[in-house]
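Participant: After the structure tokens below, expect a handful of questions from me.
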Amino acid sequence: MAAFKWTGAILVLFSAGGLGIWSAMQWKGRLRMLETLRQMIYFLKGEITYSRAPLAEALERVGKREPGPLGGLFEAAAEGIYMQEGESLQEIWKRQVMNLNTDSGPIPLEQEDLEQLAHLGEHLGYLDVDMQERTLKLYLEQLDLTIDYLRQNQREKCRLYTSLGIMGGMFLVIVMF
Numbered sequence: 001m002a003a004f005k006w007t008g009a010i011l012v013l014f015s016a017g018g019l020g021i022w023s024a025m026q027w028k029g030r031l032r033m034l035e036t037l038r039q040m041i042y043f044l045k046g047e048i049t050y051s052r053a054p055l056a057e058a059l060e061r062v063g064k065r066e067p068g069p070l071g072g073l074f075e076a077a078a079e080g081i082y083m084q085e086g087e088s089l090q091e092i093w094k095r096q097v098m099n100l101n102t103d104s105g106p107i108p109l110e111q112e113d114l115e116q117l118a119h120l121g122e123h124l125g126y127l128d129v130d131m132q133e134r135t136l137k138l139y140l141e142q143l144d145l146t147i148d149y150l151r152q153n154q155r156e157k158c159r160l161y162t163s164l165g166i167m168g169g170m171f172l173v174i175v176m177f
């Protein structure tokens, strides 16, 4: 009977510690994904502003540069524009952003990040190049604020999550005995 107790205690300790480590990895993953998104938005801004490429073509070019879920988002939006099924760019973009979390499995972005990204599509496509550039600049400023916050608090939060996971597991083990 004591062997089961010890086995359970070890499992609880490892799972709680694993949960803390997973939370820290989510923080780091969110930071990496937002940095990648920022780079892609800069590329998109360049395609629209300097190349004067149509939005669908610009989205497709930027999407092909980045493998992964974000590249897929840009390519799927471009494909939706090319298909011209009577949807506005805003509807296409929003649908693709909301599918981002389901199509490629869970991603480390929070709901707030996805809402800001979906909101970006409301102002793209139908405005002139200058307004699109300003819209992208505004989104980049919001993104920079989020990235700065994540960077400044990364070390502290990751340690906190890991420590809380391990300490929470120890607490549960003590309570079980």
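Going by the UniProt record's numbering, the letters in the sequence shown line up with residues 1 to 177, in that order. Cβ atoms here follow ideal geometry from the backbone N, Cα and C, with glycine treated the same way. Just so it is clear, the structure is predicted and the values come from calculations on it, not from any experiment.
Taking the Cβ atom as the reference point for each residue, do Val97 and Leu124 lie within a distance shorter than 8 Å?
Facilitator: No, they are not a contact pair.
Participant: Roughly how many angstroms lie between the CA atoms of Arg151 and Glu122, to the nearest whole one?
Facilitator: The straight-line gap from Cα to Cα measures roughly 28 Å.
Participant: DSSP three-state label for residue 204, please.
Facilitator: Outside the displayed span of the chain (1 to 177) sits residue 204, for which this structure offers no information.
Participant: With C-beta atoms as the reference, is Ala56 less than 8 Å away from Ile48?
Facilitator: No.
Participant: Could you check if Val173 belongs to the surroundings of the ligand SAH, using beta carbon to heavy atom distance under 7 Å?
Facilitator: In the structure shown, the ligand SAH is absent, as is every other ligand, since no ligand is present at all.
Participant: On a CA-only basis, which of Ser23, Ile166, Gly29, Gly63 is nearest Gln39? Give me that one, please.
Facilitator: Selected option, being the one with the closest Cα: Gly63.
Participant: Tell me which residues share the same chain as Leu31 and place their Cβ nearer than 8 Å to its Cβ, disregarding the 5 neighbours each side in the sequence.
Facilitator: Result list for Leu31: Ile147, Leu150, Arg151, Gln154, in chain order.
Participant: Measuring straight from C-alpha to C-alpha, what distance separates Gly169 and Ser51?
Facilitator: Approximately 55 Å, taken between the alpha carbons.
Participant: Please state the DSSP three-state secondary structure of Glu141.
Facilitator: Helix at Glu141.
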